[in-house]
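Asker: Those letters in the sequence shown? Residues 1 to 229, per my numbering, in order. Could you have a look at this structure, given as structure tokens, before my questions?
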Amino acid sequence: MSNPKVRLLVVEDDPQLARALAINLRAREYDVDVVAEGRAALDVAARRHPQLVVLDLGLPDMDGVDVIRGLRGWTQVPILVLSARQSSTEKVTALDAGADDYVTKPFGMDELLARLRAAVRRGQPGPDGEPVVTTEAFTVDLAAKRVIRDGKEVRLTPTEWHLLETLVRSPDRLIGQRQLLQEVWGPEYATETNYLRVFMAQLRRKLERQPAAPRHLITEPGRGYRFVP
């Protein structure tokens with residue numbers, strides 16, 4: 001099911017693929033802007049404020065990872081990478097720069113659409129009346145989707161938020177790696193443990209007093225993760 005209010009920015013320098021993406025997404029009533037270069041992507045994103053960015057890494061004027069870093073300097077918009085680069089190192093580099101998901105080329109359109117829908121869902125507001133969870137380091141407002149640390153709001157991407165929310169809703173309970181991956185990204189991600197390592201490290205850097213010795217976002221090696229209030 002598509003959402004006609006969702007504005008997408010597609011950054012792809014292959015004209016045939018860019019055209020195919022635009023046709024398929026517009027057919028599902030997405031509002032789509034298409035650009036072929038990184039600098040154009042940063043300019044359009046600043047003017048149009050997309051709700052989701054679909055980004056190729058191999059752009060003619062700059063590396064897609066630098067586009068991710070440029071966007072993350074001012075926006076938490078979900079970023080889904082499309083790339084022919086298939087190594088684990090390339091994937092971790094993009095995720096660590098701030099991407100929310102990574103799809104390797106060639107890909108099926110149905111898979112891409114499912115991942116787009118999941119990314120959009122992660123960015124949607126939660127119901128009112130949700131609890132506020134407080135630790136000695138930070139406060140999580142589940143209704144407002146906000147995290148406060150030292151009196152200031154911490155900027156989280158939708159994926160970072162969804163991971164934190166999943167843990168916070170089950171305090172002191174071990175949540176297995178497979179369950180977390182399926183809950184945050186979807187059932188096809190059950191083996192993508194790199195995603196968890198990268199995003200948990202990002203959350204600790206943003207929220208823990210001592211990220212190298214976390215008190216609240218705990219790893220149990222080989223098993224999963226636990227939130228301790």
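No residue lacks a Cβ here, since even glycine has one placed at the ideal position from N, Cα and C. Given the structure is predicted, the values throughout are model-derived calculations rather than measurements.
Once you ignore the five residues that flank Asp-13 on each side, which residues in its own chain have a CB closer than 8 Å to its CB?
Answerer: Counting from one through the sequence shown, the residue named residue 13 turns up at place 13. The residues are Ala-36, Glu-37, Asp-56, Gly-58, Leu-59 and Pro-60.
Asker: Assign Ser-83 to one of three DSSP states: helix, strand, or coil.
Answerer: For the purposes of this step, residue 83 is taken as the residue at position 83 of the sequence shown. Reduced to three states, the DSSP call for Ser-83 is strand.
Asker: Terminal residues of the continuous beta strand (DSSP E) containing Gly-224?
Answerer: The sequence position of residue 224 within the sequence shown is 224, counting from 1. Taken as a continuous stretch (DSSP letters only), the beta strand (DSSP E) holding Gly-224 covers 224-227.
Asker: Taking all protein chains shown into account, decide if Leu-167 is buried (16 or more other Cβ within 10 angstroms of its Cβ) or exposed.
Answerer: Counting from one through the sequence shown, the residue named residue 167 turns up at place 167. Result: buried.
Asker: Just confirm the distance between the C-beta atoms of Leu-82 and Val-53, as a whole number of angstroms; I'd bet it's less than 8 Å.
Answerer: As a position in the sequence shown, residue 82 is number 82, starting the count at 1. As a position in the sequence shown, residue 53 is number 53, starting the count at 1. Not quite, the Cβ-Cβ distance comes to about 11 Å (not below 8 Å), so this is no contact.
Asker: In whole angstroms, what is the alpha-carbon distance linking Ala-18 and Arg-209?
Answerer: Position 18 of the sequence shown, counted from the first residue, corresponds to residue 18. Position 209 of the sequence shown, counted from the first residue, corresponds to residue 209. C-alpha separation (whole angstroms): 44 Å.
Asker: Does the distance from the CB of Tyr-30 to the CB of Val-67 come in under 8 Å?
Answerer: Taking the first residue of the sequence shown as 1, we reach residue 30 at position 30. Taking the first residue of the sequence shown as 1, we reach residue 67 at position 67. Taking 8 Å as the Cβ cut-off, Tyr-30 and Val-67 do not qualify as a contacting pair.
Asker: With DSSP collapsed to three states, give me the class of Leu-100.
Answerer: Taking the first residue of the sequence shown as 1, we reach residue 100 at position 100. Strictly speaking, residue 100 in this sequence is Asp, with Leu absent from that position. Note: Asp-100 maps to coil in three-state DSSP.
Asker: Determine, using beta carbons only, whether Leu-174 and Gly-222 come nearer to each other than 8 Å.
Answerer: Taking the sequence shown and counting its residues from 1, the one referred to as residue 174 is at position 174. Taking the sequence shown and counting its residues from 1, the one referred to as residue 222 is at position 222. No, the pair does not count as a contact, with Cβ atoms beyond the cut-off.
Asker: Measure the Cβ-Cβ separation of Ala-137 and His-216 and say whether it is below 8 Å.
Answerer: On the sequence shown, residue 137 is found 137 positions in, with the first residue counted as 1. On the sequence shown, residue 216 is found 216 positions in, with the first residue counted as 1. Cβ distance < 8 Å, so Ala-137 and His-216 count as in contact.
Asker: Over what stretch of residues does the beta strand (DSSP E) that includes Thr-157 continue unbroken?
Answerer: Within the sequence shown, the letter at position 157 stands for residue 157. From DSSP, Thr-157 is part of no beta strand (DSSP E); its letter is neither H nor E.
Asker: One question on the structure: do Tyr-195 and Leu-95 come within less than 8 Å of each other, judged by their Cβ atoms?
Answerer: Taking the sequence shown and counting its residues from 1, one reaches residue 195 at position 195. Taking the sequence shown and counting its residues from 1, one reaches residue 95 at position 95. In this structure, Leu-95 lies closer than 8 Å to Tyr-195 by Cβ.
Asker: At which residues does the beta strand (DSSP E) containing Leu-217 begin and terminate?
Answerer: Sequence index remark: in the sequence shown, residue 217 carries index 217 (1-based). Run containing Leu-217: 217-220, per the beta strand (DSSP E) assignment.
Asker: Mind checking which residues open and close the alpha helix (DSSP H) that includes Val-77?
Answerer: For this step, residue 77 is matched to residue 77 along the sequence shown. Run containing Val-77: none; DSSP gives neither H nor E here.
Asker: Output yes or no for whether 8 Å exceeds the beta carbon distance between Leu-9 and Val-65.
Answerer: Residue mapping note: residue 9 aligns to position 9 of the sequence shown, counting from 1. Residue mapping note: residue 65 aligns to position 65 of the sequence shown, counting from 1. Result no, Cβ atoms of Leu-9 and Val-65 do not sit closer than 8 Å.
Asker: Less than 8 Å between the C-beta atoms of Asp-101 and Thr-157, yes or no?
Answerer: The residue given as residue 101 occupies position 101 in the sequence shown. The residue given as residue 157 occupies position 157 in the sequence shown. It is not a contact, given that the beta carbons lie outside the stated cut-off.
Asker: Apart from the five residues on each side of it in sequence, which residues of its chain come closer than 7 Å, Cβ to Cβ, to Leu-25?
Answerer: Reading the sequence shown from its first residue, position 25 is the one you call residue 25. If we look at Leu-25 and ignore the five residues flanking it on each side, its Cβ neighbours are Leu-8 and Val-32.
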